[in-house]
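J.:
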Amino acid sequence: MRRSGNGQRSPRTGMTRATETVERIKQLIATSGLRPGDCLPSESDLCDSLGVSRSSLREAVRTLSTLEIVEVQHGRGTFVGNATLRPLVETLAFRMNMLPGKHQHALLEVVEVRRGIDLGEAEQVCSTLRGTGDEELHWLVDRITEATGEGKPFAELDRGFHVTLMNRAGRRIIADLVAACWDVQTMTLAKLPPGTVTDLPGAHAEILGAAEAGDVDGYRRAVCTHYEPLLERFRR
1 MRRSGNGQRS PRTGMTRATE TVERIKQLIA TSGLRPGDCL PSESDLCDSL GVSRSSLREA
61 VRTLSTLEIV EVQHGRGTFV GNATLRPLVE TLAFRMNMLP GKHQHALLEV VEVRRGIDLG
121 EAEQVCSTLR GTGDEELHWL VDRITEATGE GKPFAELDRG FHVTLMNRAG RRIIADLVAA
181 CWDVQTMTLA KLPPGTVTDL PGAHAEILGA AEAGDVDGYR RAVCTHYEPL LERFRR
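Every letter in the sequence shown is one number past the one before it in the UniProt record's numbering, and letter 174, counting from 1, is 174.
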């Protein structure tokens, strides 16, 4: 039989009551078809329907709020959050910052993950973008080319290109993961010595051209060409 009360464990699941409540609220959101911005039932209603104490419910809501699964608006109620990957970004960036003197090695791994995602999605990207001419992607490539020629930074444009590319391929979760990797990379770059060059030209035009031509092998070659200068920078 389960014991109630905050911090006590359920013999059946081995979870604390608050942890179990977290899972049950997530299940409630999913099975009720609630979307970001929708309001959850009141605290008293949740306690009654879930059969938990107020202390367990409040601890669970705090946990879910930290994960951006819910958003507490004082005086209004608790709403379904956007569930972004920002908590993951913050955790990874903190973990990387705990490696004193090894930031470049950590960045190397992040860039390798980004390259792996692009290579792994080659067929999906090329099949979806084949024969298209996406205005936003071409605009981003043109702005990146201009910035490169003028010696200006283009980090946000680069991020936008890679995220938009995955979104256009219908890979929404992958796009979020790409954005998260990019954000972790940006946060960790701040720990490198001043003057470290990280805005390298890349091969954005070649990547887009191959995708629109449906050339999977060409796309993969362009991806490798794109990342190699940055990988080489962090291998030193």
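Backbone N, C-alpha and C define an ideal beta-carbon position, used for all residues, glycine too.
Predicted, not measured: the structure shown is a model, and the values here were computed from it.
Please identify the residue among N82, L108, E68 whose C-alpha is closest to the C-alpha of F234.
T.: Selected option, being the one with the closest Cα: L108.
J.: If the criterion is Cβ atoms closer than 8 Å, does the pair A60 and T188 meet it?
T.: Contact: no.
J.: Can you give me the C-alpha to C-alpha distance between T13 and E23, rounded to a whole angstrom?
T.: For T13, the predicted model reports a pLDDT of 48, less than 50, meaning its position is unreliable; a value from the coordinates is still stated below. If you take the alpha carbons of T13 and E23, they lie about 12 Å apart.
J.: Going by other Cβ atoms of all chains shown within 10 Å of its Cβ, with 16 needed for buried, is D158 buried or exposed?
T.: That one is buried.
J.: With a threshold of 8 Å, are at least 3 pairs of Cβ atoms found where one atom belongs to the segment 207-216 and the other to the segment 125-134?
T.: Output reads yes: the segment 125-134 touches the segment 207-216.
J.: Could you tell me the distance, in whole angstroms, from the CA atom of Q185 to the CA atom of A205?
T.: Each residue's alpha carbon lies about 22 Å from the other.
J.: Pull up the distance between the alpha-carbon of A203 and that of T78, whole angstroms please.
T.: Each residue's Cα considered, the two are about 45 Å apart.
J.: Once DSSP output is grouped into helix, strand and coil, what is the label at E68?
T.: If DSSP states are grouped into helix, strand and coil, E68 belongs with coil.
J.: To the nearest angstrom, how far is the alpha carbon of D38 from that of V80?
T.: In a straight line, the C-alpha of D38 is about 5 Å away from that of V80.
J.: Run through DSSP, which three-state label would F154 get?
T.: In this structure, F154 counts as coil in the three-state DSSP scheme.
J.: What are the uninterrupted segments assigned as alpha helix (DSSP H) that are 4 or more residues long and contained completely in the segment 101-179, given in chain order?
T.: Correct list: 103-120, 122-129, 135-150, 155-168.
J.: Per DSSP, T78 forms a beta bridge with which residues?
T.: DSSP lists V72 as partners of T78.
J.: Express the C-alpha separation of R54 and D45 in angstroms, rounding to a whole number.
T.: Taking the straight line from one Cα to the other gives about 11 Å.
J.: Just how far apart, CA to CA, sit E68 and T84?
T.: Going from the Cα of E68 to the Cα of T84 covers about 7 Å.
J.: Considering only their Cβ atoms, is the gap separating A180 from A121 smaller than 8 Å?
T.: At residue 121 the sequence reads Glu, which differs from the Ala that was named. No, these two residues do not count as a Cβ contact at 8 Å.
J.: Where F161 and L40 are concerned, what is the direct C-alpha to C-alpha distance, given to the nearest angstrom?
T.: The alpha-carbon atoms of F161 and L40 are separated by roughly 36 Å.
J.: Measure the Cβ-Cβ separation of D115 and Y227 and say whether it is below 8 Å.
T.: Going by the sequence as given, residue 115 is Arg instead of Asp. Yes; because the gap between Cβ atoms is below 8 Å, this pair is in contact.
J.: Quick one: give me the first and last residue of the alpha helix (DSSP H) that P41 is part of.
T.: Looking at the DSSP string, P41 is not in any alpha helix (DSSP H), and its letter there is neither H nor E.
J.: For L208 and L137, which I take to be in contact (beta-carbon distance under 8 Å), what is that distance rounded to the nearest angstrom?
T.: With a Cβ gap of about 6 Å, L208 and L137 count as contacting.
J.: Give me the residue from R221, V72, R236 with the minimum Cα distance to D118.
T.: Selected option, being the one with the closest Cα: R221.
J.: Can you have a look at T21 and say buried or exposed, based on whether 16 or more other CB atoms are within 10 angstroms of its CB?
T.: T21 is buried by the Cβ-count criterion.
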